[in-house]
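Okay, so the sequence shown: first residue is 0 according to numbering that gives the first Met the number 0, each after it adds one.
Just so you know, even glycine gets a beta-carbon here, dropped at the ideal spot from N, CA and C.
Notes for the one structure printed next.
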Amino acid sequence: MTRDWNWETGEGLLGMDDPAEVDAALDRNDDSLGAAVIGLALNCPPEVVSPRIIRALELLPGPGRDFPFTATAHLARLDGRLTPELYDALRAEGLGGAADHAIDDTLTFVPFRDLPPWLKRRWVYVTVRETLLRWMRPLEPVGEAWRAVRSRRRP
């Protein structure tokens, strides 16, 4: 079977479905490693992809860490589950960094009962905040009208 993966340009790597090929890329710290890990996440179950994502997180510097977390987000979306190691990686990275989208997708696509306690707390916080904001939006025009009336009364 011929593979259409081009490691020099990164072309075709989103179709990656061979864990051994990604392992070889990890061993040589390939420039297109991030795309290959994302491709593997699109085509393989979390148990296969998880150790490779963790290893890519160890290898890739700064902005390169976005790729393994994007792969994690895809796993959450497509499979509705993550491995304990991936939950640990999300928690270690925390909010305000490369893991933000992966955490958001995990909260959206992984069933609440399957989340670890720290993510359940985050889910409750986000849900309550969004609900309160949604309830308060209709009150904004009332507040603006009240301010307009009050400003007209003043000399």
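| Check | Outcome |
| --- | --- |
| Just curious, the alpha helix (DSSP H) that Thr69 is in, first and last residue? | 65–78 |
| List the endpoints of the continuous alpha helix (DSSP H) containing Gly38. | 32–42 |
| Kindly indicate which three-state DSSP category Arg2 falls into: helix, strand or coil? | coil |
| Would you identify the three-state DSSP class for Ala98, choosing helix, strand or coil? | coil |
| Within this structure, are the beta carbons of Val47 and Pro18 separated by less than 8 Å? | yes |
| What is the DSSP secondary structure of Met135, counted as helix, strand or coil? | helix |
| Here's the rule I'm using: 16 or more other beta-carbon atoms within 10 Å means buried, otherwise exposed. How should Thr71 be labelled? | buried |
| Below 8 Å between beta carbons: does that hold for Arg56 and Pro44? | Contrary to the premise, residue 56 reads as Leu rather than Arg in this sequence. For Leu56 and Pro44, no; Cβs fall outside 8 Å. |
| Does the Cβ of Val123 have 16 or more other Cβ atoms within 10 Å, making it buried, or fewer, making it exposed? | exposed |
| Could you have a look at Leu81 and say whether DSSP puts it in helix, strand or coil? | coil |
| Taking buried to mean at least 16 other C-beta atoms within 10 Å of its own C-beta, is Ala91 buried or exposed? | exposed |
| Do Leu32 and Ala24 have their C-beta atoms closer together than 8 Å? | yes |
| To which residues of the same chain is Asp104 closer than 6 Å at the C-beta, ignoring the five residues directly before and after it? | Ala72, Ala75, Arg76 |
| Count the other CB atoms within 10 Å of the CB of Trp134; is the residue buried (16 or more) or exposed (fewer)? | exposed |
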